[in-house]
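The structure under discussion appears below in the form of structure tokens.
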Amino acid sequence: MNQTMERLKRMEEKDYTALTRILFGLDSPTPVQQGLEEDDVKFFDETLNESQRDAVRFALASKEVALIHGPPGTGKTYTLIELILQLIQRKQRILVCGPSNISVDNIVERLSPHKLPILRLGHPARLLPSVLNHSLDVLTQTSEAAEIVKDVRKEMDAKQASIKKTRNGRERKAIYTDMKELRKEYREREKQCVGTLVGGSKVVLATLHGAGGFQLRNEDFDIVIIDEASQALEAQCWIPLLSAKKVVLAGDHLQLPPTIKSTPSKDSSDSKDAPTLETTLFSRLLTLHGPTLKRILTTQYRMHASIMRFPSLAMYDCLLIAAPAVATRLLTTLPYPVADTDDTREPLIFYDTQGGDFPESAPPDENSGADGNMKTPTKGSLLNDSKSNPSEALLVKKHVRSLVDAGVKAEDIAVITPYNAQLSYLANELGFKEAFEGVELGSVDGFQGREKEVVVVSLVRSNDGGEVGFLKESRRLNVAMTRPRRQLCVIGDSETVGKGSEFLKKWMDHLEEHADLRYPNVADLQQG
């Protein structure tokens, strides 16, 4: 990233590509003509819905840049696979990138059945086993181009073995001279082999950082596709974009941006609205050029319609619709027996803990000694700024117990919370993992991109001051409420949480009106 930023900094404006000028806001993107976008495209995947087809047509017709906005569960990856197939049919060469290995491997897995000449760059130890056959390391050993390299390797091994048998100094010296030449030839042929494999691949896939490797230094691509672009640092994205002609970015800027641990200094910017490291290229382009750059996918295949309703209303301009196959499915319709109970027949449940009986608590400050002086931070001190809610944790345990007793498999349930101290309390104080082997405990941030049949969300915050901390971040809550397929169970204090922001107030009002509303009794929990 540093090298790329330095190159960009040194570059004179006359050296900018047409795409670079647009990404900097110096020029506007070429408008997509309506007729072009509506050109008949013969789709490889006939099951694509109309919004997915529209996104593919738009990306094909765009001259320099296109954004594909994929809200949770809307089949963004399926859309990208169709786009890649269409581009190959049009004799285009494609570089596909993502911010993480898993984001790239997911696309490799979906492309594999199409028997295309694809190449995955990256260290084999970091790749999924299912994609190794497409990796450069494996192909340099198994492809036709690799046979010549193998012959030289065999000759080198034979020479190496002959050294041990030769005692004559002159002969040994001659063998060493031959070895030196063979090593040189080996390196040259290996380089040619890599060049042949990379040059012969219509689709090359790599992480954004991996796109800066020597293998792609002199390679030209017609288009760069960046998946999970709203989870990538902009500096990462520039690695494959410095010499690119066209880019398609796919992601959802209304979910969490990349995690940034450094914060700008107070003097570093004159405006509080100035871009920070959290500002992604996806978001910046939307701000710069407006929504004409993007197409949104609107049919979601994950959530029950009741779970989807609020995120669609609050985050996606009421555009989301639930596919018929998922709109009404419940825990009781899982492909294994689940008893029909009050806890399994509801898609949306809200345990409202208002009233002060479920107060939050902060862990003791492990960094201060008895004399009040600061001690060296301990490993556990990362929890010091976090919050927990022991009574709410008991409620989580009770609800999960009722689901498991009704027949819901533990591995189909996840418990997520924004606070690490609450996770720690559930795991260590309540022995949650031992009680429910298979139930996943995780943070909201860590669960982005994941899904489960049931997701229980513990909001934790309950105090007299109406303080909600980083619950104010609507994108964090958007992640939390869009993970489940069949049931979302929210546990929280509507009185405290509702004071945090207009978004939170609307969510609490929505839950009170549309969820199965429950007012738990803390005394019953403690007796249990």
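If you use the UniProt record's numbering, the sequence shown corresponds to residues 1 to 528, in order. The beta carbon of each residue, even a glycine, is placed where N, CA and C say it ideally should be.
The region 107-116 and the region 329-340 do not touch, with fewer than three beta-carbon pairs separated by less than 8 Å. Per DSSP, isoleucine 260 lies in no alpha helix (DSSP H) and is assigned neither H nor E.
Listed in chain order, the non-local C-beta contacts of asparagine 133 below 7 Å within the same chain number zero, local neighbours out to five positions each way being set aside. Within the same chain, and ignoring the five residues on either side of leucine 19 in sequence, the residues whose Cβ sits closer than 8 Å to its Cβ are Glu64, Val65, Leu241, Ala244, Lys245, Lys246 and Val247. Tyrosine 336 is classed as exposed because its beta carbon has fewer than 16 other beta carbons within 10 Å across all chains shown. Sequence-distant Cβ neighbours of leucine 83 in its own chain, meaning closer than 6 Å and more than five residues away, are Val56 and Ala59. DSSP places aspartate 352 within a strand segment (E or B) once states are collapsed to three. Boundaries of the beta strand (DSSP E) harbouring aspartate 516: 516-518, taken from the DSSP string. Glycine 355 places its beta carbon 9 Å or farther from that of glycine 70. Collapsing the DSSP output to three states places histidine 123 in coil. The C-alpha of glutamate 50 lies about 49 Å from the C-alpha of aspartate 357. For glycine 492 and lysine 387, the gap between their C-alpha atoms comes out near 13 Å. Per DSSP, the continuous alpha helix (DSSP H) segment holding proline 390 begins and ends at 390-405. Around the CB of isoleucine 260, fewer than 16 other CB atoms lie within 10 Å, so the residue is classed as exposed.
Separation of asparagine 101 and alanine 414 (C-alpha to C-alpha, rounded to the nearest whole angstrom) is 24 Å. Here threonine 207 is bridged, per DSSP, to Gly98. Within a 10 Å sphere around the beta-carbon of glutamine 52 sit 16 or more other beta-carbons, which makes this residue buried. Per the Cβ contact rule, the region 388-405 is in contact with the region 339-355 (3 or more Cβ pairs under 8 Å).
Distance check between glycine 122 and each of Val198, Gln89, Arg183 and Ala61 places Val198 closest, using alpha-carbon atoms only.
Taking C-beta atoms as the reference points, leucine 277 and isoleucine 239 fail to come closer than 9 Å. In its chain, beyond the 5 residues on either side, Thr496 and Lys499 have a beta carbon closer than 6 Å to the beta carbon of glycine 466. Residue range 2-10 is occupied by the alpha helix (DSSP H) that includes glutamate 6.
Here valine 415 carries a strand assignment [DSSP, helix/strand/coil]. When Val138, Tyr16, Thr196 and Lys202 are compared, the shortest CA-CA separation from arginine 90 is found for Lys202.
DSSP places leucine 67 inside the beta strand (DSSP E), whose first and last residues are 65-69.
Lysine 433 carries a helical assignment under DSSP once its states are collapsed to helix, strand and coil. A distance below 9 Å separates the beta carbons of glycine 75 and leucine 297.
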